[in-house]
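Here's the structure, in C-alpha cells; my notes come after.
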Ligand SMILES: Nc1ncnc2c1ncn2[C@@H]1O[C@H](COP(=O)(O)OP(=O)(O)OP(=O)(O)O)[C@@H](O)[C@H]1O
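Numbering (UniProt numbering), first residue to last: 1 to 224.
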C-alpha cells in the first residue's frame, strides 16, 4: 500500500523552473493495481521515483508499506527499498553481468540458497521466454528482450510494491497482454502495482483504477 498527501516535487535542476509534481494525493491499498496515466512530461516517472524511494518528495506526506518515509532513517529506507520492485524506462540492467546474474540479484541480496535461486531464475526466465539467453550480457539483447529481463528482475521476489514505467513499450501486443495478466495475478497475491503507460489499447483491454496526471497535477483518480 501507499499513501501520498499533498506531495510536490521539484528537480534540483528543473528544466522548466516549475514543479514536476504539485499537490498530488492518492491512496492505494495492498494488492491493488493502478494505471498511471497522462501525457509526456505529466510527472509519471517522477511519481514512480518517489514511490520507489529513488528521490524524496520536496514536500507533503509519503507513506509506503506503512512507513512514513519523509523522516525515516537511512537503514530503514534501505530495508523498505528491498520490498519494492521497479521497472524503469531505461531498464537499469548491469551491463557487465549476464542475464542470469542480473535477474538473480534481488534473491542474492536476500541471501537465498543458490539452488533456490537457480530454480526461481529459470522459472521466471522461461515465463518471459528468455530461458535460452541466460549467459548473454544485456547489451547483446534487443530492447524488448532487455525490457523482459528488467521485468523478471523486478518481480522475481514478489515485491510488496511494484512500480513499472512504460513496461510494455518495447513489447509486442501478445507479450504486453501476458505481462499485464501476470501483473494482475501478482496483485491478487498481494503486491500493490502501479503501471505508467501511454498504451491506450492495453488500458482499454485491461480496465482498472487509474491515477491521471497533467502538468504535475492530479486530474483524476478514477475507476477505468
Ligand atoms: N532529471 C530531471 N531533471 C530536471 N527536470 C526533469 C528531470 N526529469 C524530468 N524532469 C521534468 O519534470 C517534469 C515531469 O517529467 P516526468 O519524466 O516525470 O514526466 P512523464 O509523465 O514520466 O513523461 P514521459 O511520459 O515522457 O516519460 C517534466 O517537466 C520534465 O521536463
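The beta carbon of each residue, even a glycine, is placed where N, CA and C say it ideally should be.
As for any alpha helix (DSSP H) of minimum length 4 sitting wholly inside the region 40-85, the runs are 44-51 and 74-81, ordered along the chain. Between the region 170-188 and the region 114-126, the count of C-beta pairs closer than 8 Å stays below three; the two stretches do not touch. In the DSSP assignment, the residues bridged to residue 220 are 212. Contact check for residue 99 against residue 154 fails: the beta carbons are separated by 9 Å or more. Every alpha helix (DSSP H) stretch that sits fully inside the region 124-202 and reaches 4 residues is listed by chain position as 143-155 and 173-188. The shortest CA-to-CA distance from residue 12 to any of 57, 170, 111 and 28 is the one to 57. Going by C-alpha positions, residue 109 is about 11 Å away from residue 83. Summarising the contact set, residues whose Cβ lies nearer than 6 Å to any heavy atom of ligand 1 are, in chain order, 11, 13, 14, 15, 16, 20, 38, 40, 41, 42, 43, 44, 45 and 46. Shown here for residue 106: same chain residues with a beta carbon closer than 7 Å to its own, the five before and five after excluded, namely 153, 156 and 157 in chain order.
Per DSSP, residue 101 lies in no beta strand (DSSP E); the unbroken alpha helix (DSSP H) holding it starts and ends at 99-109.
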